[in-house]
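Chemist: One line per chain: the protein sequences are A and B, in this order.
The first sequence begins at 1 in my numbering and counts up one residue at a time.
The second sequence begins at 1001 in my numbering and counts up one residue at a time.
Just dropping this structure here.
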Amino acid sequence: MSARAPLIRARNLPFAATVVIFLAAYAFCVAQFPNMLSTRVAGNLLTDNAFLGIAAVGMTFVILSGGIDLSIGSVIAFTSVFVAVLVRAGVHPAAAFALALAVSTLFGAAMGLMIHGLSMPPFVVTLAGMFLARGAAFLISTESVPISHPFLDQLTGLYYLLPGKGRLTFLGLLMLGVFLLGSLVAGRTRFGANVYALGGGIQSAELMGVPIRRTTIQLYALSGFLAGLAGLAYTLYTSAGYSLATVGVELDAIAAVVVGGTLLTGGSGLVAGTFFGLMIQGLIQTYIVFDGTLSSWWTKIVVGLLLFLFIVLRRVILLFHERTGRSTDQRAFAGG
Amino acid sequence: MTWIATRLRRLAPQLIALALVVVAITLIAPGFAHVTFQNGRLYGSPMDVLVRAAPVALLSIGMTLVIATKGIDLSVGATIAITGAVAASMVAAGHPLAVVILAALGVGLLCGVWNGLLVGLIDIQPIIATLILMVAGRGIAQLITEGVILTFNRPAFAFLGSGAFLGVPMPVILWVLTGLAIGLLVRVSALGLLIEAVGINRRASMMIGIRARFLIVFVYAAAGLCAAIAGLIVTADIKGADANNAGLWLELDAILAVVIGGTALSGGRFSISASLIGALIIQALNTGILISGWPPEFNLIIKAVVIIVILALQSPVVANSLAAAARVRADLKEPRRSRT
């Protein structure tokens, strides 16, 4: 754009801000509790937020396309109950996992099909999907179903010992892998480019030759798949399936995406941003645990404040652009 | 008369849907339609539907206006929790009833104005502007109740939730009156028309001199006020404030009520009465499933399926093909000369 390439491009500024806030927050925590600077805390941060992180990657794609997926929490609960009941009935966990992923992916694809085929807003369709998945979970079992199987013990027992006795567990690694793959898919594949194009405006995307129908279905199928995977991670994490679990996880995922610097109207943002958005939320929770006197509801208030901060930051960047006349981010002020 | 006919035509799909739901429930559970008059008030499942629908009905009134401006308000459930917490803590502290009610309404209004300023003044997308209060709101409510479930014993305040006036339960009176007041306010004046104009095209409406920013703040304030009334009813009903669960997910039911009522999420034409019927449909489903004796596990599935069917019938694609079919039939009956 300009002759001198800027250090950070304006559209990546929210992402940079997220990273800076994460680092500053971590530094603040360490100043208060020096013990937080350990690989143990870092390892736990990854393990404890693994299922949320995996789901948040799916949410990032959906939000990048200008849509939203409210069914994530219910799909996680459904998958965990589904797998738990299957394993209890004697099915090998690996087979149960594959089956659960297939179901959740199909479920997502069906929602995508409805969104495109009936041209209904994603908000309403996925809201109905949220009820449906939660209802299906209730139908399978309303009780918490504990599971144990040597295969599961093997998976949860897998970890890489970091220096300082921190554990990089299977779940943590799984989440990092999903984020890495998600980043690659968003930034380096045609599907990723199509998703960004969709977020920039369906009409213009169509004129550019983006296959709207296929992309929409793939998009929600991907979100369903990742929600299913998150459900598996949750089952491994808690060693149980419970249909009342993970209520409202979709909100945490949306918050992670937005705090990660992704524009909620779509078209702009990074998968890596969501990772830092997630870690900021995890950090607040860890800080509350370390402090011991603060109530857990401070998490909500601080996350709310951070959401506010990022939204205002978006506006400020936009105003700056309008003033300097380099409105590269047209989309954002069109959606008022 | 033509006015009534027009109104009926607008409300026809919702009325038919409500009638179908009621008939279906009556067929499954014959006792459903039974209403009795005892101890100076009406009892029976239909009354139960009307009473239990109160919070969602109240929320759907404000939500209709918000959605008409192409907005959405996710924070109303949290606003219920906040106003409930305020009311319960003030009642427990022994403040006079009028002060408690005014304070709760004021807090609700404040929540609404906050959302309205974010959307109208700072131009933040509604879904995310209200997400802030949705996430932080329950934390704030916890802050007020200090993390416990506040209970109180004040019959005068509990009257709002469980009392009756002339045989009609108070919650019903409250939501009907609120609906009438706001409905008349926007329809007798040009306010409703202006709100629709903002929803259809905000920029164009501003160019012809409509104060869109003010109207947007107004509709979110109305939504906050409605949520405050709902918060008072919920708190009076359980004689306590539960910051975690009061009004939980009610915003979603309210949005559904509005969408079932035929107001499009893309803004524009709205109908408060249709939204209220939508709220009744949702509650009739809930109560019906409960008294039909089916296992409660089926609740959500049945609800989801009915909602999907209703929404699919309203979707532009289905509506267009139905309209096209009707046009073909009309053409066959009475061929016109040419259609350009």
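We put the beta carbon where it would ideally sit given N, CA and C, even for glycine.
Enumerated in chain order, which unbroken segments of the beta strand (DSSP E) with a length of 3 residues or greater are wholly contained in the stretch 1034-1067 of chain B?
Modeler: If we require 3 residues or more, the beta strand (DSSP E) runs fully inside the stretch 1034-1067 of chain B come out as 1035-1038 and 1041-1044.
Chemist: What residues from the stretch 1228-1240 of chain B come within 8 Å of chain A, judged by C-beta to C-beta, listed N to C?
Modeler: Listed in sequence order: no entries.
Chemist: Are the beta-carbon atoms belonging to B/A1324 and B/G1062 less than 8 Å from one another?
Modeler: Going by C-beta atoms, B/A1324 is not nearer than 8 Å to B/G1062.
Chemist: Would A/V62 count as contacting chain B if we go by Cβ distances under 8 Å?
Modeler: Taking Cβ atoms only, chain B never reaches closer than 8 Å to A/V62, which makes this a no.
Chemist: So, is the C-beta of A/K300 closer than 8 Å to a C-beta in chain B?
Modeler: Yes - at least one Cβ of chain B is within 8 Å of the one on A/K300.
Chemist: The alpha helix (DSSP H) that contains A/Y287, what's its start and end?
Modeler: Taken as a continuous stretch (DSSP letters only), the alpha helix (DSSP H) holding A/Y287 covers V271 to D291.
Chemist: What in chain B is Cβ-close to A/P121, meaning under 7 Å?
Modeler: Residues of chain B passing the Cβ test: L1265.
Chemist: Hey, does A/L127 have any beta-carbon neighbour from chain B nearer than 8 Å?
Modeler: Taking Cβ atoms only, chain B reaches closer than 8 Å to A/L127, which makes this a yes.
Chemist: Can you pull out the residues from the stretch 1119-1142 of chain B whose beta carbon lies closer than 9 Å to at least one beta carbon of chain A?
Modeler: Listed by position along the chain: V1119, I1122, D1123, I1124, Q1125, I1127, I1128, A1129, L1131, I1132, L1133, M1134, V1135, A1136, G1137, R1138, G1139, I1140, A1141 and Q1142.
Chemist: If you measure between the beta carbons of B/Q1014 and B/G1179, is that distance less than 8 Å?
Modeler: No, the Cβ-Cβ distance between B/Q1014 and B/G1179 is not below 8 Å.
Chemist: What does a CB cutoff of less than 8 Å around B/G1167 pick up in its chain, not counting 5 residues either side in sequence?
Modeler: Counting only Cβ-Cβ distances below 8 Å, and skipping sequence neighbours, we find F1037, G1040, R1041 and L1042.
Chemist: Short of 6 Å in beta carbon distance, which residues of its chain neighbour B/G1161, apart from the five on each side in sequence? Order them along the chain.
Modeler: Counting only Cβ-Cβ distances below 6 Å, and skipping sequence neighbours, we find I1233, A1236 and D1237.
Chemist: Would you say the beta carbon of B/A1304 is closer than 7 Å to some non-hydrogen atom of the ligand HEM?
Modeler: Absence of the ligand HEM from the depicted structure is noted, as is the absence of any ligand whatsoever, leaving it without description.
Chemist: Using three-state DSSP, classify A/Y242 as helix, strand or coil.
Modeler: Looking at A/Y242 - three-state DSSP - the assignment turns out to be coil, as it is neither helix nor strand.
Chemist: Residues of chain B with a CB under 9 Å from the CB of A/S223: which are they?
Modeler: The contacting residues do not exist; A/S223 stays about 17 Å from chain B at best.
Chemist: Can you confirm whether B/N1299, when its beta carbon is compared against all beta carbons of chain A, has any partner nearer than 8 Å?
Modeler: Interface residue, yes.
Chemist: For A/Y242, count neighbouring C-beta atoms within 10 Å of its own C-beta (all shown protein chains included) and say buried if the count is 16 or more, exposed if not.
Modeler: Classification for A/Y242: buried.
Chemist: In whole angstroms, what separates the C-alpha of B/S1321 from that of B/G1192?
Modeler: Rounded to the nearest angstrom, the two C-alpha atoms are 30 Å apart.
Chemist: With 8 Å as the threshold, decide whether the Cβ of A/A95 is near any Cβ in chain B.
Modeler: Chain B, which has no Cβ nearer than 8 Å to the Cβ of A/A95, makes this no.
Chemist: Check A/V20 in the structure and name its three-state DSSP category.
Modeler: In the structure shown, A/V20 sits in a helix (DSSP, three-state: H, G or I).
Chemist: Please classify A/L294: does DSSP put it in a helix, a strand, or coil?
Modeler: The answer is coil: DSSP assigns A/L294 none of H, G, I, E or B.
Chemist: From A/I54, A/G53, A/P93 and A/F131, pick the residue whose C-alpha is nearest to that of B/A1341; which is it?
Modeler: Outside the modelled stretch of chain B, which goes from 1001 to 1340, sits residue 1341 of chain B, for which no answer is possible.
Chemist: So within the stretch 1078-1151 of chain B, which uninterrupted alpha helix (DSSP H) runs reach at least 4 residues, ignoring any that extend past its ends?
Modeler: 1097-1116 and 1126-1145, all fully within the stretch 1078-1151 of chain B.
Chemist: For A/F131, name the three-state secondary structure that DSSP assigns.
Modeler: Three-state DSSP puts A/F131 in a helix.
Chemist: List, in chain order, every chain A residue whose beta-carbon is nearer than 9 Å to that of B/A1312.
Modeler: In chain order: M114, L118 and M120.
Chemist: Measure the Cβ-Cβ separation of B/V1217 and B/S1060 and say whether it is below 8 Å.
Modeler: Not closer than 8 Å, so no.
Chemist: Could you check if A/S104 is buried or exposed, using at least 16 other CB atoms within 10 Å of its CB as the buried criterion?
Modeler: By the 10 Å Cβ count, A/S104 comes out buried.
Chemist: What did DSSP end up calling A/Y262 once you bin it into helix, strand or coil?
Modeler: According to the sequence provided, residue 262 of chain A is Thr. The question's Tyr does not apply to it. It is coil, neither helix nor strand.
Chemist: Under a CB-based cut-off of 8 Å, is B/P1030 close to chain A?
Modeler: It does not; no Cβ of chain A falls within 8 Å.
Chemist: Could you list which residues in chain B have their beta carbon closer than 7 Å to that of A/A136, in chain order?
Modeler: Result: I1301.
Chemist: Return yes when the Cβ of A/F61 is within less than 8 Å of the Cβ of A/V195, no when it is not.
Modeler: The answer is yes: Cβ separation under 8 Å.
Chemist: Counting C-beta neighbours from all protein chains within 10 Å, is the total for B/L1008 16 or more, i.e. buried, or is it exposed?
Modeler: Exposed: under 16 other Cβ atoms inside 10 Å.
Chemist: If contact means a Cβ-Cβ distance below 8 Å, which residues of the stretch 243-257 of chain A contact chain B?
Modeler: Those would be L251, I254 and A255, in chain order.
Chemist: Take A/D252 as the anchor and find which of A/Q154, A/V57, A/A193 and A/G177 has the nearest alpha-carbon.
Modeler: Checking every option, the nearest Cα to that of A/D252 belongs to A/V57.
Chemist: Three or more C-beta pairs under 8 Å: does that hold for the stretch 67-81 of chain A against the stretch 255-262 of chain A?
Modeler: No, the stretch 67-81 of chain A does not touch the stretch 255-262 of chain A.
Chemist: What separation, rounded to the nearest whole angstrom, lies between the Cα atoms of B/P1296 and A/I140?
Modeler: Between B/P1296 and A/I140, the C-alpha separation is close to 12 Å.
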